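Before any comments, here is the structure.
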Amino acid sequence: WDEYNFVTVDRKRLMIITHRTDVTLGFEARFQHEVLFNKYLNFLHTVLPSTAEFTEKAWKW
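Number 61 marks the last residue of the sequence shown (our numbering); no jumps.
Next comes the structure, spelled out in structure tokens:
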């Protein structure tokens, strides 16, 4: 998890994408329910480096 520096949060589509350095590429997680979405987002805040940037926007890829 230490290699991931960026997170894109798409609340409308319930998607969370973790990125290393290139924000066009990443590990995409999709959720059917907001509860699990929020649990995963909270988990990422605990395991990613404190320098990781979380951005809320629509995922376009």
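All C-beta atoms in this analysis are idealised placements derived from N, C-alpha and C, irrespective of residue type, glycine included. No experiment lies behind these values; they were computed from the predicted model shown.
> In the segment 26-56, which residue ranges form an unbroken beta strand (DSSP E) of at least 3 residues, counting only runs that do not cross its ends?
Replying inline: As far as the segment 26-56 is concerned, its whole beta strand (DSSP E) runs of at least 3 residues are 27-30 and 53-56.
> According to DSSP, what are the bridge partners of Val7?
Replying inline: Taking the first residue of the sequence shown as position 1, residue 7 is located at position 7. In the DSSP secondary-structure assignment, Val7 is bridged to Thr18 and Phe54.
> Taking just the CA atoms, how far does Trp59 sit from Asp10?
Replying inline: If you number the sequence shown from 1, residue 10 lands on position 10. If you number the sequence shown from 1, residue 59 lands on position 59. It is roughly 6 angstroms from the alpha-carbon of Asp10 to the alpha-carbon of Trp59.
> Hey, out of Glu34, Asn42, Leu48 and Val7, whose CA is closest to Leu25's CA?
Replying inline: Taking the sequence shown and counting its residues from 1, the one referred to as residue 25 is at position 25. Ranking Glu34, Asn42, Leu48 and Val7 by CA distance to the CA of Leu25 puts Val7 first.
> Would Leu14 pass as a contact of Phe37 if the rule is Cβ separation under 7 angstroms?
Replying inline: By one-based count along the sequence shown, residue 14 stands at place 14. By one-based count along the sequence shown, residue 37 stands at place 37. Yes.
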